[in-house]
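Residue numbers (the numbering used here): 6 to 181.
The structure under discussion appears below in the form of structure tokens.
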């Protein structure tokens, strides 16, 4: 059984008991970590593809150690200009070992997203109720925010003639 899982912004094809070097994780050495962003699970002939992730799938791993990768030299030069810059970089890595791949049984934290979506709907509904008495002021402000092309389309739909010579202020006056 294998899985394609997203770990720290990168996608890895993993199998049980495989050691993987990933970008530094904020987990202590020896601790267990679970990744629930599983994109694909293959079990012999049976392949399950997520859209984009598989609900309930989880990959369990154990953090072995934190280390730094090999040094990478970045050398820049422009010929005949005397420009030379040499930089080095060592990536911070975490070595993990894959302990389990579960196709179902994991739960995602979906209720947190639902509460975030509910709040803007309440906020949007309140200003609409207050704005009903001042409909003309709001209508002119809405027309001011539109472009001339959009105003011309609205005037054309209402049957106003001579819109090609009108400026934005004339279009707003004709539409209100």
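In this text, a Cβ means the ideal position worked out from N, Cα and C, and glycines have one as well.
Quick caveat: nothing in here was measured; it's all calculated off a predicted structure.
Per-residue DSSP class, three states only, for residue i
i, result
"residue 170", "helix"
"residue 56", "coil"
"residue 179", "helix"
"residue 4", "The requested residue 4 is not part of the displayed model; the chain covers only 6 to 181."
"residue 93", "strand"
8 angstroms contact criterion, which residue i and residue j should meet: CB distance rounded
i, j, result
"residue 91", "residue 78", "7 angstroms"
"residue 179", "residue 160", "6 angstroms"
"residue 68", "residue 33", "7 angstroms"
"residue 17", "residue 100", "Contact flag wrong, Cβ pair sits at about 13 angstroms."
"residue 43", "residue 66", "About 12 angstroms separates the two Cβ atoms, so there is no contact after all."
"residue 108", "residue 152", "Actually they do not touch by this definition, with Cβ atoms about 51 angstroms apart."
"residue 61", "residue 95", "In fact, because the Cβ distance is near 38 angstroms, the residues do not count as touching under 8 angstroms."
Host alpha helix (DSSP H) of residue i (start-end)
i, result
"residue 154", "153-163"
Buried/exposed call for residue i, threshold 16 Cβ in 10 Å
i, result
"residue 72", "exposed"
"residue 40", "buried"
"residue 8", "buried"
"residue 20", "exposed"
Cutoff 8 angstroms: residue i Cβ touching any chain B Cβ
i, result
"residue 49", "The structure shown contains no chain B, having only a single protein chain."
Residue interval of the beta strand (DSSP E) (run including residue i)
i, result
"residue 105", "97-107"
"residue 48", "43-48"
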